[in-house]
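For reference, the structure is listed below as structure tokens.
Numbering (our numbering), first residue to last: 105 to 397.
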């Protein structure tokens, strides 16, 4: 099983340091840069930022959680296809429904079931990227028999899904090429994987056994730091180290437990950086890259 690590920019990374961060990941031979789409948050827009990263790297894979809800599906399909083209097939993609806050729903003009809209977007993106002429009409989308060119370089450009509720897991098994979860213990992540495999089998399909992953917030410093306490407080009933590891030993132990549960792809999210970016990335590379197989 190929264990691989993606890394997200530290919270609060100044935009002018983004290219430095990308270069640092590539130089240390991390597998993937990973960005998250938070429509009403202050972070970098993933499509814009991955375009910059494509020009600033040669080997690094370029991954993102993308919220398709509220987007014009034609423009989104075209943007992602061209991003895959300019990066020479390095794009990785997980579609997510967003946070669902009242502010976000208002900004995205969201009036409907997020799961159903996510499913609609998944199916339409696949059809548009296939090269077929797509005629489609719904309450949110109108496509008058249009064909997208150029198509993505990857054929197919895979779509992973997220979420860990029963509907999300059923949807992932029925539709997705892979799954990226978050805020789950190793036992919960293993159970989610099993549910997805069962759903895929019921739909007459299969998912690559190496296409299951988890996002892990971590810190190399103080377990009592505000960022760590805030991240752990989201699930106060769970021991903090099983969700938000602090230090090298806890991070290694959690990754090893997740690998034993059948996961092999990990997005590491530094909650804070003590010192320089180089110091952070050197530490992280020393902790996890030896776990790759």
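Here a beta-carbon is modelled for each residue, glycine too, at the ideal position from N, C-alpha and C.
Chain-order list of residues whose beta-carbon lies under 8 angstroms from that of residue i (same chain, five-residue window excluded)
i           : result
residue 363 : 105, 107 and 395
residue 345 : 354, 357 and 358
Residue environment, residue i, which counts as buried when at least 16 other CB atoms sit within 10 Å
i           : result
residue 211 : exposed
residue 260 : exposed
residue 365 : buried
residue 277 : buried
residue 181 : buried
residue 243 : exposed
residue 146 : exposed
residue 340 : exposed
residue 286 : buried
residue 188 : buried
residue 254 : exposed
residue 397 : exposed
residue 360 : exposed
residue 136 : buried
Proximity winner among the options, relative to residue i (alpha-carbon distances)
i           : options               : result
residue 185 : 351, 235, 283 and 314 : 235
residue 139 : 151, 275, 297 and 380 : 151
residue 153 : 119, 128 and 177      : 119
residue 206 : 245, 155, 144 and 286 : 144
residue 271 : 300, 258, 255 and 262 : 300
residue 273 : 172, 387 and 311      : 311
residue 294 : 222, 338 and 367      : 367
residue 193 : 164, 209 and 220      : 164
residue 292 : 233, 281, 342 and 245 : 342
residue 116 : 381, 252 and 215      : 381
residue 306 : 327, 275, 329 and 315 : 275
residue 183 : 257, 200, 314 and 123 : 257
residue 387 : 112, 132, 121 and 262 : 132
residue 248 : 333, 337 and 178      : 178
residue 217 : 159, 174 and 323      : 174
residue 221 : 233, 232 and 201      : 201
residue 121 : 156, 166 and 315      : 156
Own chain, CB closer than 6 angstroms to residue i, minus 5 neighbours either side, in chain order
i           : result
residue 198 : 169, 264, 266 and 284
residue 325 : 378
residue 352 : 391
residue 369 : 108 and 317
residue 279 : 226
residue 114 : 374 and 377
residue 141 : 150, 169, 170 and 171
residue 331 : 375 and 376
residue 251 : 237
Bridge partners - residue i, DSSP secondary structure assignment
i           : result
residue 248 : 239
residue 373 : 321
residue 139 : 168
residue 110 : 136 and 371
residue 350 : 323
Same chain only: Cβ atoms within 7 angstroms of residue i, ignoring 5 sequence neighbours per side
i           : result
residue 161 : 126 and 130
residue 288 : 268, 296 and 318
residue 321 : 335, 348, 373 and 375
Neighbour flag for residue i against chain C, beta carbons, 9 angstroms
i           : result
residue 367 : Among the chains in the structure shown there is no chain C, since it carries only a single protein chain.
Continuous beta strand (DSSP E) assignments of at least 3 residues falling wholly in the stretch 264-323 | Those beta strand (DSSP E) runs which fall completely within the stretch 264-323 and span 3+ residues are 282-286 and 316-322.
Contained alpha helix (DSSP H) runs [length at least 4] in the stretch 162-216, N- to C-terminal order = Qualifying alpha helix (DSSP H) stretches, in chain order: 177-190 and 206-211.
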